[in-house]
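Asker: If you read the sequence shown in the working numbering, its first letter stands for residue 438, the second for the next number, and so on.
Yeah, the Cβ is synthetic: ideal placement off N, Cα and C, and Gly gets one too.
Just so it is clear, the structure is predicted and the values come from calculations on it, not from any experiment.
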Amino acid sequence: MSATIEEKVENLRDQLRYHSHRYYVLDDPDIPDAEYDRLYIELLAYEKSHPELVVIDSPTQRVGSKPLTAFDQIQHQKPMLSLDNVFNGEELQAFNQRVKTRLKTSDEIEYVAEPKLDGLAISIRYVEGVLIYAATRGDGSTGEDVTQNIRTMQSVPLRLLGSDYPEILEVRGEVFMSKAGFSSLNEKAKKDGAKEFANPRNAAAGSLRQLDPNITAQRPLSLYCYAVGVVEGGKLATTQYEILQQLKTFGLPICKEVTSVLGAEGCLAYYEELSKKRDDLSYDIDGIVYKVNEIALQDRLGFVSRAPRWAIAHKFPAQEEISKILEVDFQVGRTGAITPVARLSPVFVGGVTVSNATLHNMDEIRRKDIRVGDQVIVRRAGDVIPEIVRVVPNSRKSELPEINMLSNCPVCDSVVEQVDGEAVARCTGGLFCRAQRAEAIKHYASRKAIDIDGLGDKLVEQLVDENLINTSADLYGLSVEVLSSLDRMGKKSAENLVEALENSKSPVLAKFVYALGIREVGETTALNLANEYKTLAAIKNASFDQLIEVQDIGPIVARHIVNFFQQEHNLEVIEQLISAGIKVQVVKDLARDEHSMSEFFGKTLVITGSLPTMSRDEAKEKLLAVGAKVTGSVSTKTDYLLAGDKAGSKLTKAEKLGVRIIDESTMVAWLSNKEI
Ligand code: IVH
């Protein structure tokens, strides 16, 4: 018996619902887009020839309504609550204690930990599985009817999947915009000369509050459900966690990061974990919400005013705040690059007080149209240098002058040049410029370069300012007397520094090359150069054509290397360093002699734990000197793990990957047996 039109249409709708759930909610489609489109067009055709079969929850009925003149009000049958906040571990412990006291228990409480999404709360009502209306939170009792707009969101089912849902089910959740969706929306707005949104939350709110659903339909809105409101004619599970799992089976989107944890300790561990992940999440969150898992316990705890006693929001320090640009200064770096820096009225953001933010370069200033006096959004995420995200839209009340690059270096007054095709402007003073000299010496002394203990940035600046040193070679001429005459420098520190300088005189080639501060030559390039050429003289004499043959070296870097060694001044500094007693350890060319070839030549090692007789850096230098490569993390490319005491996760990982593990004595034996 062939199917009736009604059956065919219902079957097409079921297929489309299933596939759209896989695509938009699970992010795991199992048919090609073209196949979905074909089913959709087929349904459209049936509905066109049989308009009497069109129903409100048909996948074709997402957009189509006419623009409204205003939103209706909807009274929430069950109020939409808000949450109390805590801002640190102590306050969270106190919350946990209050819960335990009220429940008269000393047992650890089970909580569900969920990201606190940064969007706006919504309540969606399903009757017999069909979406009937959706309302914003409003004041918690009455919200706005945004049904037309919510219907345009592809991840929101117009009909729930399966048949186990209660007759009336109100789901509550957060409508938000992903970071990527937000950037593309703003990029488009910029191109069209339209108004940009300040952040994803504003963009989500602005998009949901459009009177014309056709506009909302084009906005990348997402939903995660986190609670239920009214439930009638059917029962849900007895814990928050299981309820969310049930909602998932109804086809509703649930955040993947939701998990259950035990006690305040479990909550705090989750907080730490998610803080680390925060920047990698595809959406903004502003904290964590912990909810008592057992609904029966939630009921016993009840509410105070508008917030439940069984849930709390643990807020992250805000990553974005508004501040004002007081001034723009220009800083000169080691290679002469001039970086504009905004001086801000101090603002607490990302857990610290910020009063400076990098503006990167002039292109960036023009692109963001930043001016002195502007209200700006300052962002500090993780350990990243604070930066200006954008000017607060529509905040500039009067015309402000544009910021211009200086024509002369603020430190040495040399001409500033802007190379075509480069965003960066540079001081042409070279090592004549005090700022560049100081930066070059700081780089020479830094941990990854020659690593001179006790020679911090401030001290280098002081030494350069007082004309006690001009180049890194001059460091070796500093005496205890001269050093201890400096402000805030005791005799003991001066002696320690002179000793550290003495100890720094036999660097391995790779570190020495890195320490020279050749433009674009980072640690890895320096190591490749050292392994390839073995001596400083050979690197110095290498031609452009030879250099571009070396691993990781392209024409730009090769040109910088050649230029560096062509400059008289640089050759002089190298000469002076050598006269001061620097003996660069040559990479022994062990590869050519079968018998003398070190086991470690060309091998990749990772060092972990504390070694019995030497520091990890010392071991690293010994290994580099015989042509090994030393990296920071264990992978399938690692040949050996040199492990000392208290080796932790790297050891576990090496064991898992079957990487050979050696100890210090094995390393020493291999080095002495097989070295020349
Ligand atoms: S539960 C019964 N869970 O935070 C408590 N709210 O500050 C109702 N929010 O209005 C809220 N993520 O818009 C809950 N996982 C989450 C949340 C969340 C974000 C928002 C929600 C609420 C506000 C309260």
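#1: Compute the Euclidean distance between the alpha carbons of residue 685 and residue 636, then round it to the nearest angstrom.
#2: For the ligand IVH, is there a heavy atom less than 6 Å away from the beta-carbon of residue 726?
#3: With DSSP as the reference, label residue 656 as helix, strand or coil.
#4: Would the beta-carbon of residue 519 be found less than 6 Å away from any heavy atom of the ligand IVH?
#5: Is the beta carbon of residue 554 within less than 6 Å of some heavy atom of the ligand IVH?
#6: Does the count of Cβ pairs from the region 617 to 624 and the region 809 to 822 closer than 8 Å reach three?
#7: First and last residue of the alpha helix (DSSP H) that includes residue 448?
#8: Would residue 717 and residue 504 be called neighbours here (beta carbons separated by less than 7 Å)?
#9: How far does the alpha helix (DSSP H) with residue 897 in it reach, from first residue to last?
#10: Keeping to the same chain, check which residues put their C-beta closer than 7 Å to that of residue 1127; ignore five residues upstream and five downstream.
#11: How would you call residue 902, buried or exposed, if buried means at least 16 neighbouring beta carbons within 10 angstroms?
#12: Looking at the unbroken alpha helix (DSSP H) that takes in residue 646, where does it start and where does it end?
#13: Are residue 976 and residue 964 close, meaning C-beta to C-beta below 7 Å?
#14: Please state the DSSP three-state secondary structure of residue 821.
#15: Would you tell me roughly how many angstroms separate the C-alpha atoms of residue 1066 and residue 960, rounded to the nearest one?
#16: For the alpha helix (DSSP H) containing residue 921, name the first residue and the last one.
#17: Quick one: Cα of residue 968 to Cα of residue 1064, how far?
#18: Quick check: the Cα distance between residue 457 and residue 558, rounded to an integer number of angstroms?
#19: Going by other Cβ atoms of all chains shown within 10 Å of its Cβ, with 16 needed for buried, is residue 994 buried or exposed?
#20: Please classify residue 1031 as buried or exposed, where buried requires at least 16 other C-beta atoms within 10 Å of its C-beta.
#21: Exposed or buried, which one is residue 824 when buried takes at least 16 other CB atoms within 10 Å?
#22: Quick check: residue 605 and residue 564, are their CB atoms within less than 7 Å of each other?
#23: Just curious, the beta strand (DSSP E) that residue 1004 is in, first and last residue?
#24: Just how far apart, CA to CA, sit residue 680 and residue 548?
#25: Would you say the region 976 to 989 touches the region 859 to 879, given that touching needs at least three Cβ pairs under 8 Å?
#26: Using 7 Å as the threshold, is the C-beta distance between residue 766 and residue 784 below it?
#27: For the region 1009 to 1024 and the region 920 to 936, state whether three or more C-beta atom pairs, one from each stretch, are separated by less than 8 Å.
#28: For the beta strand (DSSP E) containing residue 757, name the first residue and the last one.
#29: By DSSP, does residue 493 sit in helix, in strand, or in coil?
#30: Along the alpha helix (DSSP H) that carries residue 618, what are the first and last residues, could you check?
#31: Run the proximity test for residue 745: is its beta-carbon closer than 6 Å to any non-hydrogen atom belonging to the ligand IVH?
Answerer: Answer, in terms of the structure:
#1: 28 Å
#2: Checking every heavy atom of the ligand IVH against the Cβ of residue 726, one is found closer than 6 Å.
#3: coil
#4: yes
#5: yes
#6: no
#7: 442 to 457
#8: no
#9: 894 to 902
#10: The requested residue 1127 does not occur in the structure, where the chain is confined to residues 438 to 1113.
#11: exposed
#12: Neither: residue 646 is in no alpha helix (DSSP H) and is coded neither H nor E.
#13: It is not a contact, given that the beta carbons lie outside the stated cut-off.
#14: Here residue 821 sits in coil by DSSP.
#15: 11 Å
#16: 917 to 921
#17: 6 Å
#18: 23 Å
#19: buried
#20: The pLDDT assigned to residue 1031 is 44, lower than 50, so where the model puts this residue is not dependable; a value taken from the coordinates is nonetheless given after this. With fewer than 16 other Cβ atoms within 10 Å, it is exposed.
#21: buried
#22: For the pair residue 605 and residue 564, the CB atoms are nearer than the 7 Å cut-off.
#23: Element bounds for residue 1004: n/a, residue is neither H nor E.
#24: 14 Å
#25: no
#26: A distance of 7 Å or more separates the beta carbons of residue 766 and residue 784.
#27: no
#28: Boundaries of the beta strand (DSSP E) around residue 757: 757 to 769.
#29: Coil, per DSSP.
#30: 616 to 628
#31: For residue 745, the shortest separation between its Cβ and any heavy atom of the ligand IVH lies below 6 Å.
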